[in-house]
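Here's the structure we're looking at; comments come further down.
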Amino acid sequence: MDVKAKTPACLSSCPNEVQLLIVEELLGYEYADLCNMIRLNKHFYNIAQPVLFRRIFVGWAPGNSPCLTTVTRTLLERPDLAKEVKYLRLDGYKFPDRCPDMMPTISVAGLNMNKVATFIEETGADFADAWAEAVSDGEVDALVTLLIAILPRIREIWLGPDFSIEIYYLAMMFDPDRRSKPGANFPAHERLRALTVRNDIVDSYHSWLDFTYSAQAFFNIPTLEALSFAVISSSTPAFWLKGRPKALQRLVELHLHRVRESQLEDFFRLAPKMETLRWIWSWNPEHHEEFTNVIDVDMLESALETKSLDLETLDIVVVDDAGIEDPSKLWQVGMLGELNVLRDFYVLQQLTVPLPLLMGWSSKSAAWLKDKIPPCLTSLTLTDDLCQQKEYDWSKKSIRSLTNAFLYGEVNVQRTDIQIFTIAGATFSDVWTDKEIDILREGCERYGIDFDVLDYTPAEYRAEAEAEARKERYGSCSCATQDGDGV
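For the sequence shown, our numbering gives the first residue as 227, with consecutive numbering after it.
Have a look at this one:
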């Protein structure tokens with residue numbers, strides 16, 4: 227048999243199944259090449275198009291024409307492609323017309339308003355007329371709600387700050403009371419697993435309009451496995467505008483922004499199977515009457531203790547500078563109590579925590595690090611959050627002593643399962659010389675421990691990576707397969 231005779235002369239002569247496999251391979255490694263290929267070959271484009279629409283990124287820079295309308299128009303006219311979308315990331319940057327107490331708008335030129343009105347009417351929403359009118363006016367929230375509504379098989383949604391401030395129609399679409407009304411025919415979104423809503427500055431733009439409780443509606447999506455959003459409430463426990471929702475039985479990963487330690491336990495009850503928690507503490511000096519600038523560590527311990535049997539990953543971030551790297555602009559933050567409960571966790575494997583929160587303000591009264599963490603821990607990152615506060619009293623020598631005592635103890639006795647130990651943050655950058663770090667790193671490697679000292683914290687790294695990714699997508703409307711940072 228002539229094997230060469232069976233070799234396809236070109237890509238287009240391959241069976242469609244083979245071409246689809248090539249598309250899948252190129253998506254992961256050579257996305258730009260794939261885009262060039264589909265421009266040159268219409269047949270290949272038809273095969274690749276559904277795969278390309280699995281992941282959609284929408285973003286633009288100030289002054290650029292927004293492409294949110296383009297995406298919505300395309301998917302509204304092509305339900306077959308809308309069914310292929312699995313991941314949606316909306317990450318616009320600084321709407322030029324955002325004004326206090328006004329809904330931001332963008333151009334909707336080119337959008338078929340008859341199709342919009344028909345689709346919205348078919349949802350049976352009791353707010354359909356207002357929703358359709360808001361879309362025709364170009365209101366961003368109404369347009370985003372429409373886009374999400376036409377994606378029946380969406381699995382992950384990421385809404386950047388420009389899409390998370392004025393949440394109104396989107397909250398109503400996920401309101402269980404409205405979904406249960408006679409005639410309501412909202413998309414079920416039964417495959418939605420992960421939702422990120424970057425609404426942590428929701429109370430910084432408007433005086434009269436209040437969207438602080440809108441994101442609470444997302445706690446009514448029973449299919450969620452991962453949820454990240456800010457819940458801004460001045461009451462303890464947190465006030466629920468529509469009443470306390472049912473527990474999310476599938477939720478295993480929860481990221482909470484702007485939630486105070488006194489409110490944590492209430493949220494933990496809504497996530498009985500939670501395994502991963504990222505808690506971002508911050509204090510808004512513009513609303514100082516709502517909460518004090520003191521972290522109640524005893525209250526934090528009380529809440530965390532309820533998850534001592536389940537929590538596998540804990541990441542605590544303390545924001546005390548509003549992103550302004552100037553010591554004179556620091557918010558003065560205090561702490562009451564001492565964090566000891568983590569040593570009694572049974573399955574905790576990864577811990578990221580500010581050094582002062584775990585070890586206390588001063589090295590003079592600090593316990594041994596080994597006595598603060600559970601034996602099951604495999605990864606520990608100590609960050610420099612709170613290290614610019616006046617009460618902070620850890621010298622370079624004391625940090626070296628803390629680290630050396632822990633590492634030498636692990637090498638000689640192996641008290642824990644630690645495999646990764648990281649000191650992270652600019653405050654620690656000059657505690658060791660580069661040569662000393664290399665010596666420590668090499669010594670730890672012999673005993674299976676990955677030790678490192680970084681100039682940035684994990685939270686700072688995520689923020690920088692997010693900003694860089696946003697710049698790359700400025701003015702772009704793309705379908706891609708690169709992993710987003712999700713929740």
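Glycine included, each C-beta is placed from N, C-alpha and C at the ideal position.
Collapsing the DSSP output to three states places ARG404 in a helix. Assigned with DSSP and collapsed to three states, GLN576 falls in strand.
Under the Cβ criterion (8 Å, minimum of three pairs), the segment 570-586 counts as touching the segment 537-546.
At the C-beta level, GLN615 and VAL523 stay beyond 8 Å of one another. Secondary structure within the segment 438-468: the beta strand (DSSP E) runs of 3 or more consecutive residues, fully enclosed, are 452-456 (chain order). The alpha carbon of PRO276 has as its nearest neighbour, out of VAL545, ALA356, ALA308, the alpha carbon of ALA308. When C-alpha distances from PHE571 are compared across TRP594, LEU583, ASP547, PRO600, the shortest belongs to PRO600. When the beta-carbon positions are compared, PHE444 and LEU453 come within less than 8 Å of each other.
For ALA685, the enclosing alpha helix (DSSP H) has its first and last residue at 684-698. As the crow flies, the alpha-carbon of LEU530 is around 30 Å from that of ARG417.
In the displayed model, VAL545 falls within a strand according to three-state DSSP.
Taking 8 Å as the cut-off, the beta carbon of VAL361 is found no closer than this to the beta carbon of PHE389.
With fewer than 16 other beta carbons inside 10 angstroms of its own, ARG672 counts as exposed.
Collapsing the DSSP output to three states places GLY560 in a strand. Put simply, the backbone Cα of TRP557 is about 41 Å away from that of ALA375. The continuous stretches of beta strand (DSSP E) do not include GLU348, which lies in the alpha helix (DSSP H) extending over residues 339-348. Exclusion of the five residues before and after SER440 leaves ILE393, TYR394, ALA397 as the residues of its chain whose Cβ lies within less than 7 Å of its Cβ. By the neighbour-count definition (other C-beta atoms within 10 Å, threshold 16), VAL297 is a buried residue. Distance from the CA atom of ILE506 to the CA atom of ILE273, rounded to whole angstroms, is 44 Å.
In the structure shown, the three-state DSSP call for TRP505 is strand. Non-local beta-carbon contacts of ARG569 in its own chain, meaning distances under 7 Å to residues more than five positions away in sequence, involve ASP597, LYS598, ILE599, PRO600 in chain order. Annotation for MET561: ILE521, VAL523 place their beta carbon closer than 6 Å to its own, counting only its chain and skipping 5 residues before and after.
Approximately 6 Å separates the beta-carbon atoms of ILE644 and LEU603; this is inside 8 Å, confirming the contact. LEU490 sits away from LEU435, with the two beta carbons spaced by 8 Å or more. The closest CA to that of ASP536, considering only SER589, LYS555, GLU479, ALA685, is found on GLU479. Assignment of LEU608 by DSSP, reduced to helix, strand and coil, places it in the strand class. For TRP384, the enclosing beta strand (DSSP E) stretches over residues 382-385. Distance check between GLU501 and each of GLN475, PRO582, LEU608 places GLN475 closest, using alpha-carbon atoms only. Annotation for GLU359: the continuous alpha helix (DSSP H) segment containing it runs 354-362.
In this chain, the beta strand (DSSP E) harbouring ALA650 covers 646-650. Contact check for ASP426 against ARG504 fails: the beta carbons are separated by 8 Å or more. Between THR683 and ASP611 the beta-carbon gap is near 7 Å, inside 8 Å, which marks them as a contact.
A distance below 7 Å between beta-carbons, with the five flanking residues on each side excluded, links GLU451 to the following residues of its chain, in chain order: ARG419, ALA420, ARG476, LEU477, VAL478, GLU479. One alpha carbon belongs to LEU496, the other to ALA652, and they sit about 36 Å apart.
A distance of 8 Å or more separates the beta carbons of LEU278 and LEU377. For THR349, the CB contacts under 6 Å within the same chain, skipping 5 residues up- and downstream, are ASN411, PHE412 in chain order.
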